[in-house]
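Asker: Structure incoming, see below.
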Amino acid sequence: MATDPPSPPEAGQRVRIDAEGEYAATGEPLRLLAVYEVTPLDSWDWAEARLAEIASIAEGWLDGGGDAVTSSAIEGMRRLMTEMSNRNVAPPHLFPTPEGGVQAEWQNADRTVSVEFEADGELALLHSLSLSTGEDEYEEVSSDAPDQMSSFVER
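Numbering (the numbering used here), first residue to last: 2 to 156.
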């Protein structure tokens, strides 16, 4: 049974592009050589796939160091992602941390926000940075409080 191809992104919609590019010696991008995938950023499917990829990272992933990400950290992030998708917030960029946790980051024109789940899964570390004023804000919350984390991200 054939399936329909995915719909193209709407005009003006932000997308994630997996591509191969050519760069100048300075690191400046010159041109795209191949585009492998274009994913609308409002799709949480790729975020879940990225979280699964992070969960599979082995010990030593960071130049021989770096702990494997724990299932507790993954589950905490999954709870937050569910809460954020229910609030219609765009998916974050997701990264493993060297200590076995997982971090989500959102950025807009004025603000960068991150939520990091520590390896033990007990605490989430919240950080917000105003790009215009340089003002930092930090909070620590229980990993069982995705609604509190979501409110912090949406401020």
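Positions of the beta carbon are idealized from the N, C-alpha and C atoms, including for glycine.
Being a predicted model, the structure only gives us computed values, none of them experimental.
Compute the beta-carbon to beta-carbon distance between residue 99 and residue 66, rounded to the nearest angstrom, for a pair I have assumed lies under 8 angstroms.
Answerer: 6 angstroms
Asker: What alpha helix (DSSP H) runs, 4 residues minimum, are completely inside the region 61-135?
Answerer: Runs found: 72-87.
Asker: Using the Cβ count rule (16 or more neighbours within 10 Å means buried), how would you classify residue 1?
Answerer: The question about residue 1 has no answer here: the residues shown for the chain are numbered 2 through 156.
Asker: Going along the chain, which residues of its own chain have a beta-carbon closer than 7 angstroms to the beta-carbon of residue 148, five neighbours each way excluded?
Answerer: 84
Asker: Determine the direct distance from the alpha carbon of residue 16 to that of residue 37, and round the result to whole angstroms.
Answerer: 13 angstroms
Asker: Please report the distance separating the alpha-carbon of residue 60 from that of residue 94.
Answerer: 21 angstroms
Asker: At the level of alpha carbons, what is the spacing between residue 130 and residue 109?
Answerer: 11 angstroms
Asker: Applying the 10 Å Cβ sphere with the 16-neighbour rule, what's the burial state of residue 92?
Answerer: buried
Asker: So residue 19 is in the beta strand (DSSP E); what residue range does that whole segment cover?
Answerer: 16-24
Asker: On the CB-based measure, 16 or more other CB atoms within 10 Å of its CB, does residue 31 come out buried or exposed?
Answerer: exposed
Asker: In whole angstroms, what separates the C-alpha of residue 103 from that of residue 28?
Answerer: Between residue 103 and residue 28, the alpha-carbon positions lie close to 28 angstroms from each other.
Asker: Quick check on this structure: which residue in 26, 22, 49, 76 has the alpha carbon closest to the alpha carbon of residue 122?
Answerer: Of the candidates 26, 22, 49, 76, the one whose C-alpha sits nearest the C-alpha of residue 122 is 76.
Asker: Report the partner residues of residue 35 according to the DSSP bridge assignment.
Answerer: 21
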